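Here the structure is laid out as structure tokens; the discussion comes afterwards.
Numbering (the working numbering), first residue to last: 54 to 184.
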């Protein structure tokens, strides 16, 4: 019985202490952010390239805007190999997303000798179709 009381006291103390620590994740995102500035600065960035994208694929006016993309072909053996397309999320995209070798999709590209493409989500970053 004494061991049970000691066990419950220890569990209570642990829960009490843990209750004052902020959560590691909030709304599906780490509190420190996904990208660490020190890591980003240490990776050689590639420049983004624009391409003309239709504003309305079903419209007849043919209005176009410039959407940004990045390419990482350092793992590719030739252009006929695999190509992985990464769609940017709700943030300004950068070459970090296809150069940081700890990301799973970059690891897979390395294993498969694939070319990585990153397409910036429109309305985020510099890909603004309505400007």
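In this text, a Cβ means the ideal position worked out from N, Cα and C, and glycines have one as well. Computed from a predicted model, the values in this text were never measured in an experiment.
Simplified DSSP state of residue i, which is helix, strand or coil
i	result
residue 103	strand
residue 158	helix
residue 116	coil
residue 137	strand
residue 183	coil
residue 124	strand
Residue from the options with nearest C-alpha to residue i
i	options	result
residue 137	62, 151, 112	151
residue 153	184, 127, 62	127
residue 164	107, 135, 99	135
residue 120	180, 148, 56	180
Euclidean distance between Cα positions of residue i and residue j
i	j	result
residue 133	residue 139	18 Å
residue 143	residue 177	6 Å
residue 161	residue 155	10 Å
residue 158	residue 109	30 Å
residue 54	residue 146	59 Å
residue 58	residue 66	12 Å
residue 103	residue 175	12 Å
residue 239	residue 64	Outside the displayed range of the chain (54 to 184) lies residue 239, so it cannot be described from this structure.
Residue range of the unbroken beta strand (DSSP E) whose run includes residue i
i	result
residue 108	Looking at the DSSP string, residue 108 is not in any beta strand (DSSP E), and its letter there is neither H nor E.
Cβ distance (whole Å) where residue i is taken to contact residue j below 8 Å
i	j	result
residue 166	residue 130	5 Å
residue 101	residue 123	6 Å
residue 141	residue 172	6 Å
Span of the alpha helix (DSSP H), counted from its first residue to its last, around residue i
i	result
residue 131	Residue 131 -> no alpha helix (DSSP H), and no H or E assigned at all.
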